[in-house]
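What follows is a short report on a single structure.
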């Protein structure tokens with residue numbers, strides 16, 4: 065785009081006004097730490113399902129993963145298919161216990177739950193540090209998407225794009241906390257659902273249906289229309305992909321904090337929550353068709369991450385384009401805001417208050433959480449301006465794989481296995497992510513193979529070390545089960 069589209073500009077400004085207004089209204093409804101961190105555990109299941117899916121898909125659903133579909137063709141569609149069971153299987157297994165146990169132990173974050181579950185401040189601190197490292201990297205990846213979108217829409221520089229976006233997100237999250245996150249996710253999610261469907265249908269129609277899509281892809285390379293390919297989406301990678309995704313969605317705190325925020329663990333609440341999750345995730349799959357179609361319609365793109373933005377700019381009227389770009393910005397926001405709240409609350413609860421201000425009042429803790437969001441957001445913006453990743457999704461995958469490997473053993477085993485100990489949790493949190501990172505970046509092992517191997521190592525070391533050390537206190541286990 066050589067000139068700024070006024071429709072895009074008006075749409076984006078209107079969207080920012082709506083988001084900031086929601087932040088203001090949420091701030092008026094936020095009175096305590098519980099309100100700020102988990103919305104007072106009073107948010108309806110439908111809203112939480114919207115929030116979970118919008119956060120899970122993030123900007124990758126519009127910028128990163130369609131870009132990989134652009135590169136690899138149909139083999140990458142396995143990823144879209146496996147996202148469905150990866151969302152619903154972990155949710156059905158851990159939601160009830162996680163909501164009940166965190167309620168019994170009065171935990172607002174996963175690190176706080178782990179600290180109380182294993183009766184160890186070291187576990188809570190290590191969990192917070194691990195999440196900080198990996199989630200800061202994930203947020204930097206989201207800023208890459210911001211520069212792509214704002215550059216496409218308004219010809220803005222990367223610096224100005226990052227500053228504007230960070231400022232808006234910081235204001236509404238600092239003001240309204242988790243309620244602002246969820247309420248905006250519902251608005252954002254509604255836009256994303258509509259745009260996902262529109263993108264899929266318009267893209268497929270533009271290439272002449274599925275037959276036109278397949279012939280167009282085949283003309284550019286036979287590997288684009290096969291079930292697997294030889295470099296990234298290999299047969300073994302496809303087999304391990306659903307396991308990797310399940311590890312990811314089960315053990316990443318920025319996602320499962322939605323399970324913790326449910327009003328209760330009644331069957332009606334849980335079933336409705338699971339159904340909403342499944343439906344919403346299914347709708348998002350349409351964006352992958354856009355990535356495939358872009359390969360046919362725009363075969364000379366220099367950066368695959370631009371596939372969907374350029375496709376929309378080419379095929380759709382400015383009004384729909386404005387909605388789409390707002391949807392992408394919404395997706396980016398839904399991931400960043402969740403990570404900001406989680407990290408700020410964890411740092412406050414597991415590091416700042418216990419070691420520096422143990423006598424801090426509830427009002428003081430709430431203020432500290434808000435200050436923490438500002439500090440973390442500024443840090444992420446600075447780091448993002450120094451160096452942005454080349455391919456967004458690969459950076460996101462690294463971040464969530466590392467965080468998942470760190471949390472998988474202590475969190476998932478901790479919910480079901482009473483014998484898990486703090487020593488096992490500590491070793492698992494170190495060896496899980498280190499083994500994953502070494503396999504992928506030290507040895508060049510495929511992402512999915514490295515991710516699953518790292519998760520398995522985390523689980524095995526958790527079990528082995530726990531069995532070799534003294535059992536945890538029965539008092540803690542009994543207290544944890546009080547609300548189950």
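Residue numbers (our numbering): 65 to 548. Ideal Cβ placement from N, Cα and C applies to all residues, glycine included.
Between the C-alpha atoms of residue i and residue j, what's the straight-line distance to the nearest angstrom?
i, j, result
"residue 164", "residue 182", "16 Å"
"residue 510", "residue 391", "31 Å"
"residue 380", "residue 361", "14 Å"
"residue 221", "residue 211", "7 Å"
"residue 267", "residue 353", "7 Å"
"residue 459", "residue 202", "7 Å"
"residue 611", "residue 240", "Nothing about residue 611 can be reported from this structure: the residues present for the chain run from 65 to 548 only."
"residue 144", "residue 442", "33 Å"
"residue 348", "residue 120", "11 Å"
"residue 236", "residue 208", "21 Å"
"residue 231", "residue 301", "39 Å"
"residue 473", "residue 519", "8 Å"
"residue 65", "residue 77", "The predicted model places residue 65 with a pLDDT of 48, which falls under 50 and marks its position as unreliable, so this point remains unresolved."
"residue 386", "residue 75", "6 Å"
"residue 477", "residue 276", "48 Å"
"residue 29", "residue 413", "The structure shown does not extend to residue 29, since the chain spans only 65 to 548, so no value can be given for it."
"residue 523", "residue 517", "10 Å"
"residue 363", "residue 389", "21 Å"
"residue 256", "residue 118", "8 Å"
"residue 536", "residue 488", "11 Å"
"residue 80", "residue 111", "20 Å"
"residue 533", "residue 187", "15 Å"
"residue 429", "residue 270", "54 Å"
Whose CA, out of the options, lies closest to the CA of residue i?
i, options, result
"residue 297", "375, 342, 133, 460", "133"
"residue 355", "160, 260, 395", "260"
"residue 155", "447, 389, 310", "310"
"residue 350", "185, 125, 230, 202", "125"
"residue 372", "320, 263, 292, 293", "263"
"residue 484", "468, 526, 465", "526"
"residue 436", "170, 159, 100", "100"
"residue 396", "172, 375, 233", "233"
"residue 190", "410, 302, 231, 215", "410"
"residue 129", "532, 269, 358", "358"
"residue 415", "433, 131, 369, 401", "433"
"residue 149", "424, 274, 313", "313"
"residue 440", "89, 272, 169, 204", "204"
"residue 184", "287, 490, 394, 430", "490"
"residue 159", "326, 172, 214, 213", "326"
"residue 320", "278, 543, 152", "152"
"residue 216", "369, 346, 328", "369"
"residue 337", "89, 107, 271", "107"
"residue 531", "544, 539, 486", "486"
May I ask you to check if the CB of residue i is nearer than 6 Å to at least one heavy atom of the ligand COA?
i, result
"residue 284", "Among the components of this structure there are no ligands whatsoever, and the ligand COA is therefore not found."
In its own chain, which residues sit with a C-beta less than 8 Å from the C-beta of residue i, not counting the 5 before and 5 after it?
i, result
"residue 199", "318, 403, 406, 407, 463, 467"
"residue 384", "259, 262, 376"
"residue 214", "220, 224, 225, 228, 229"
Spatial neighbours of residue i within its chain, please: C-beta separation below 6 Å, excluding the five flanking residues on both sides.
i, result
"residue 49", "This structure cannot settle anything about residue 49, because the visible part of the chain is limited to 65 through 548."
"residue 282", "289"
"residue 475", "315"
"residue 447", "204"
Cutting at 7 Å between CB atoms, please list the residues of its own chain near residue i, excluding the five before and the five after it.
i, result
"residue 514", "500, 503, 504"
"residue 114", "249, 250, 253, 344"
"residue 194", "467, 470, 493, 497"
"residue 541", "482"
"residue 171", "177, 180"
"residue 304", "512, 513, 516"
What are the uninterrupted segments assigned as alpha helix (DSSP H) that are 4 or more residues long and contained completely in the segment 423-510, given in chain order?
-> Correct list: 426-450, 456-471, 486-501.
Which runs of the beta strand (DSSP E), 3 residues or longer, sit entirely within the segment 400-424?
-> Uninterrupted beta strand (DSSP E) stretches at least 3 residues long and entirely within the segment 400-424 do not occur.
Mind pulling the alpha helix (DSSP H) runs of 4 or more residues that sit fully within the segment 508-539?
-> With a minimum length of 4 residues, the continuous alpha helix (DSSP H) runs that stay inside the segment 508-539 are 511-531.
Segments assigned alpha helix (DSSP H), at least 4 residues, entirely inside the segment 121-182 | Runs found: 129-136, 141-168, 174-181.
Counting Cβ pairs closer than 8 Å, one from the segment 328-342 and one from the segment 235-251, do we hit at least three?
-> Contact between the segment 328-342 and the segment 235-251 is absent, because fewer than three Cβ pairs lie under 8 Å.
Sufficient close CB pairs (3 or more, under 8 Å) joining the segment 286-306 to the segment 139-159 | The segment 286-306, when compared against the segment 139-159, does touch it at the 8 Å Cβ threshold.
Check whether the segment 78-97 touches the segment 298-308, taking contact to mean three or more Cβ pairs, one atom from each stretch, closer than 8 Å.
-> Touching, no.
Would you call the segment 488-508 and the segment 338-348 touching, i.e. three or more CB-CB distances under 8 Å?
-> No, they do not touch.
Secondary structure, beta strand (DSSP E): runs of 3+ residues fully inside the segment 217-247 = With a minimum length of 3 residues, no continuous beta strand (DSSP E) run stays inside the segment 217-247.
What runs of the alpha helix (DSSP H), each 4 residues or longer, lie entirely inside the segment 288-371?
-> Along the segment 288-371, the alpha helix (DSSP H) occurs as fully enclosed runs of 4 or more residues at 299-315, 317-324, 331-348, 350-361, listed in sequence order.
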